[in-house]
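Reading through the C-alpha cells given below for one structure.
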Amino acid sequence: MTIEPSFEDLLAEGAAAPVEGWAFDWLAGRATEERPPWGYARLVAARMASVDAALDVDTGGGEVLAEVPDPPRLLVATEGWPPNVLVARRVLRRVGASVVAVTPDAPLPFRDAAFDLVVSRHPVRTDWAETARVLRPGGTFLSQQIGPGTVRELSEAILGPLPPPAERHPEQAVAAARAVGLTVADLRQATLRTVFHDIAAVVWFLRKVVWTVPGFTVDRYRPQLARLHHRIRTEGPFVAHARRFLIEANRPGPPPR
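Start counting the sequence shown at 9; every next residue gets the next number (my numbering).
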C-alpha cells in the first residue's frame, strides 16, 4: 500500500527545492505544460547560425542559449538576478558566450548598433528603445513573451478574483516596437494547457515564477495552499492555461553582411 505524502511534507518539499536558473526539470512527474507550436529554441538556433554578433537578454540560467549548435562569433547574454548570473556563466561556457550582470531597468551596457540579432525568452520587461538602439540596421529582435493573464487560474486560486489583465498584451508589444522605429515582421499567439499534480509543484512554481503571486511565501498563503491541496486530492490535477506570444521585429536598413 502506497502512503501519499502529507500536506506538510509536500509544502516542505516544494519550499526546499532550488529555483535558480530557468529550467523546469524539477517539475517532471509533478506538472506539465504544453509547448508553443513555433519552437522558439529551434528558431533561435537557426538565426544564430546566420549572424556575426548576437545578444540574449534576460538569459535566466542560459538554458536556451546553451543549446545553440552553431553560435556566432560574438555571443553575449545579460541577466539581472545574481544567482542566475552564476548559473548562466557556467552553462554558457560551452558556446563561448559572455554573461553580463545588469541592473533591472537600466540601459543595456552596449554601444549603438552592436548586434545583428537580439533574442529574449520570457523577458521581465522589454525595453524597446534600448533594443532598437543596440540593433544594427537590418538586424532582428526575436522574442517569446508571456501573454496577458498567464496561469490566471492559479493566481486566482491563491489571491481570489482578479481584474482583467492590463499588461503583456501582444498588441501593446507591436505598438511599442513600432514606436521606436522597428518593423514587426511576425506575431503569433498560443494558449497552453498547464497541469499541476500536487501542491509541491504549485509551491515550487510560485517561488520561481514570482509574478504569478507577487510576494508569495508558504507561510503567507498557507490557508489557500491547504484548500488547493484538498481540491487536487479530491478532484484531480489542477489545470491552468499559460499564454505566450512570439514577436519578430526588424530595424530598417540593409541586412547585416
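Where is the CB? At the ideal position from N, CA and C, for every residue including glycine.
According to DSSP, simplified to helix, strand and coil, what is residue i?
i    : result
L214 : helix
E175 : coil
R196 : strand
F15  : helix
G242 : Reading off the sequence shown, one finds Thr at residue 242, where the question assumed Gly. Helix.
V95  : helix
G29  : coil
A187 : helix
L108 : According to the sequence as given, residue 108 is Val; it is not Leu. DSSP places V108 in strand when its eight states are reduced to three.
P45  : coil
G223 : coil
G146 : strand
A20  : helix
A209 : helix
A74  : helix
A257 : strand
Can you tell me whether residue i is buried or exposed? The criterion is at least 16 other CB atoms within 10 Å of its CB, across all chains shown.
i    : result
W212 : buried
Q180 : exposed
P79  : buried
V95  : buried
I11  : exposed
T220 : buried
Among all the DSSP beta bridges, which residues are the ones paired with residue i?
i    : result
V203 : T40 and V247
I281 : The first residue shown for the chain is 9 and the last is 265, placing residue 281 beyond what the model contains.
R129 : Q152
L83  : A62
S163 : Its beta-bridge partners do not exist; DSSP assigns none.
Straight-line CA distance for residue i to residue j?
i    : j    : result
N92  : E21  : 21 Å
L143 : P112 : 20 Å
Q232 : E243 : 16 Å
V127 : L51  : 10 Å
R186 : L170 : 30 Å
V72  : A49  : 6 Å
G37  : L254 : 28 Å
A193 : M56  : 18 Å
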